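Novice: Here it is: the structure, laid out below.
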Amino acid sequence: MTGPTSLYIHIPFCRHRCSYCDFNTYAGLDGLIPEYMAALRREAAWAGQAAGERLRVHTIFLGGGTPSLIPVKELALLLKTCAQYFDLLPDAEITLEANPGTVTLESLRALRQAGFNRISLGMQSANAVDLMLLERQHDTVDVIRAVAWARRAGFDNLNLDLIYGLPVQPLERWQATLETAINLRPEHFSLYALSIEHGTPFRHWLERGLVSAPDDDLAADMFEWACDRLEVARYGHYEISNWGRNSADGLLACRHNLQYWRNMPYLGLGAGAHGYVNGVRTANLRGVRTYIRKINTGRPVDFPAGAAAESALPIDRWTAMQEHMMVGLRLLDEGVSNHSFQQRFGVSLEQAFPHQIAHLQEVSLLEWAGSDHDILRLTRRGWLLGNQVFSEFVNLEETEV
Numbered sequence: 019m020t021g022p023t024s025l026y027i028h029i030p031f032c033r034h035r036c037s038y039c040d041f042n043t044y045a046g047l048d049g050l051i052p053e054y055m056a057a058l059r060r061e062a063a064w065a066g067q068a069a070g071e072r073l074r075v076h077t078i079f080l081g082g083g084t085p086s087l088i089p090v091k092e093l094a095l096l097l098k099t100c101a102q103y104f105d106l107l108p109d110a111e112i113t114l115e116a117n118p119g120t121v122t123l124e125s126l127r128a129l130r131q132a133g134f135n136r137i138s139l140g141m142q143s144a145n146a147v148d149l150m151l152l153e154r155q156h157d158t159v160d161v162i163r164a165v166a167w168a169r170r171a172g173f174d175n176l177n178l179d180l181i182y183g184l185p186v187q188p189l190e191r192w193q194a195t196l197e198t199a200i201n202l203r204p205e206h207f208s209l210y211a212l213s214i215e216h217g218t219p220f221r222h223w224l225e226r227g228l229v230s231a232p233d234d235d236l237a238a239d240m241f242e243w244a245c246d247r248l249e250v251a252r253y254g255h256y257e258i259s260n261w262g263r264n265s266a267d268g269l270l271a272c273r274h275n276l277q278y279w280r281n282m283p284y285l286g287l288g289a290g291a292h293g294y295v296n297g298v299r300t301a302n303l304r305g306v307r308t309y310i311r312k313i314n315t316g317r318p319v320d321f322p323a324g325a326a327a328e329s330a331l332p333i334d335r336w337t338a339m340q341e342h343m344m345v346g347l348r349l350l351d352e353g354v355s356n357h358s359f360q361q362r363f364g365v366s367l368e369q370a371f372p373h374q375i376a377h378l379q380e381v382s383l384l385e386w387a388g389s390d391h392d393i394l395r396l397t398r399r400g401w402l403l404g405n406q407v408f409s410e411f412v413n414l415e416e417t418e419v
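Counting from 19, one number per residue, gives the positions in the sequence shown under the working numbering.
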């Protein structure tokens, strides 16, 4: 495997499942935490040994769910296991997702001491009405306090997640939320438009007429305003939904997510976790009890598919090229390099996708950039219509390239 890899570790436990959430999360299963964490350590140890080489790891991301619900001793032991079975690089970015109401100064200090160096706080909004609609279990005071504690604990890399485009959320309310968040001076922002997914309380409310559908035009206005406001606040917009603060050392991007957007390898550990290693996409079984049982009693297939794998799908060259476009075009300045694409796949972008690129340029959604016009990227108009662009590279019939 060339280049360093990343680890995504899924923690599926929550105090309460939020109204918009369709992730693999469960409330009321806290009694399974010790068994689950033991199974995670076992899966990590197997993956590190089965890889056939000591994998160099430059990012670890614990997502969920609510990883900050897990006792710090368990999290520290998990990181220790990762360091034992992988070559964890000295400057590795190690992120923990946290809900603002589930951390204390003491827990954050212990997390920092254990090796975590980046915290991602699920702020979502600074407005009580929005938080109630989202069924979040915190308020703005919790967020402000959590940020202050994180700084005192030694965290100098902090992300805030925010959601916009809620039903009956006026532009002014969104603006007030973002102003509050900017004043907290995080290193990074992730801003997501509300998506109402099947099986969520939000979808049920919508179908019963209890809430209105999000206003797409208003959400676009919110996004445009955020782009302009964050630029003034010296945050660089490097991916459709992500901004990093400009610093003396450069843009403070999320290195773990860059691994996904650059279509580079990552291992997925835990219930429902997905991975992409050695050209194989893996997905683990979603159920917590099923995952624990399979890890403890099942037999791994072949690396990277472990004992809890539900699927392991080899990705052929043509599919890999399409996926490369869908993830790479999310990077606004970096885009997709024609030179790098040619090195990886043996053909140029215009040889692989002549009609798609020509059409998207014609409608002003894609453009060539860079001093030698090597970079294919979204136009500013394309930022708002990204899904339309990405759909042009899905399920294409293979051509002779």
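Cβ coordinates follow ideal geometry from the N, Cα and C atoms, glycine included. If you're wondering where the values come from, they're calculated on a predicted model, not measured in any experiment.
1) Please work out which residues of its chain come closer than 6 Å, Cβ to Cβ, to V165, disregarding the five sequence neighbours upstream and downstream, and give them in chain order.
2) Can you name, in chain order, every residue of its own chain whose Cβ lies under 8 Å from the Cβ of N42, other than the five neighbours on each side?
3) Which same chain residues end up closer than 6 Å to V161 when comparing Cβ atoms and leaving out the 5 residues on each side of it in sequence?
4) Indicate whether I112 and G133 have their beta-carbon atoms separated by less than 8 Å.
5) Which stretch, first to last residue, makes up the beta strand (DSSP E) that contains N264?
6) Which stretch, first to last residue, makes up the beta strand (DSSP E) that contains T77?
7) Is it buried or exposed for S143, if we count other Cβ within 10 angstroms and need 16 for buried?
8) Rounded to a whole number of angstroms, what is the C-alpha to C-alpha distance between A69 and L97?
9) According to the Cβ coordinates, are P219 and S37 closer than 8 Å?
10) Can you give the beta carbon distance from A326 to N302, rounded, assuming they're within the 8 Å contact cut?
11) May I ask which residues mark the beginning and end of the beta strand (DSSP E) holding G293?
12) For I27, which residues does DSSP report across the bridge?
13) Starting from N405, follow the beta strand (DSSP E) in both directions and report where the run begins and ends.
14) Between the Cα of E242 and the Cα atoms of G400, E153, H206, which residue gives the shortest distance?
15) Please report the straight-line C-alpha distance between M344 and L402, rounded to a whole angstrom.
16) If we count the other Cβ atoms within 10 Å of its Cβ and call it buried at 16 or more, is P232 buried or exposed?
17) Pick helix, strand or coil for M141, following the three-state DSSP scheme.
18) Does the distance from the C-beta atom of L58 to that of L287 stay below 8 Å?
19) Which residue from Y26, L114, L396, V250 puts its Cα closest to that of F502?
Specialist: Based on what the coordinates show:
1) So the qualifying residues of the chain are L202.
2) Same-chain partners within the cutoff: H28, P30, G83, A289, G290, R304.
3) Same-chain partners within the cutoff: P118, M141.
4) Contact: yes.
5) In the DSSP annotation of this structure, the continuous segment of the beta strand (DSSP E) that includes N264 starts and ends at 260 to 265.
6) Where T77 is concerned, the enclosing beta strand (DSSP E) starts and stops at 74 to 82.
7) By the Cβ-count criterion, S143 is buried, with 16 or more other Cβ atoms from all chains shown falling within 10 Å of its own Cβ.
8) Cα to Cα, A69 sits roughly 18 Å from L97.
9) Taking C-beta atoms as the reference points, P219 and S37 count as a pair closer than 8 Å.
10) That pair is a contact at about 5 Å.
11) Here the beta strand (DSSP E) through G293 covers 292 to 295.
12) Answer is L80, L287, bridged to I27.
13) Looking at the DSSP string, N405 is not in any beta strand (DSSP E); the run it does join, the alpha helix (DSSP H), is 404 to 409.
14) If you compare the alpha carbons of G400, E153, H206 with that of E242, the shortest gap goes to G400.
15) In this model, M344 and L402 are separated by some 15 Å (Cα to Cα).
16) For P232, the number of other beta carbons within 10 angstroms of its own is at least 16, and it is reported as buried.
17) Strand at M141.
18) Here L58 is near L287, since their CB atoms are less than 8 Å apart.
19) This structure does not reach residue 502, given that the chain is present from 19 up to 419, and the question cannot be answered.
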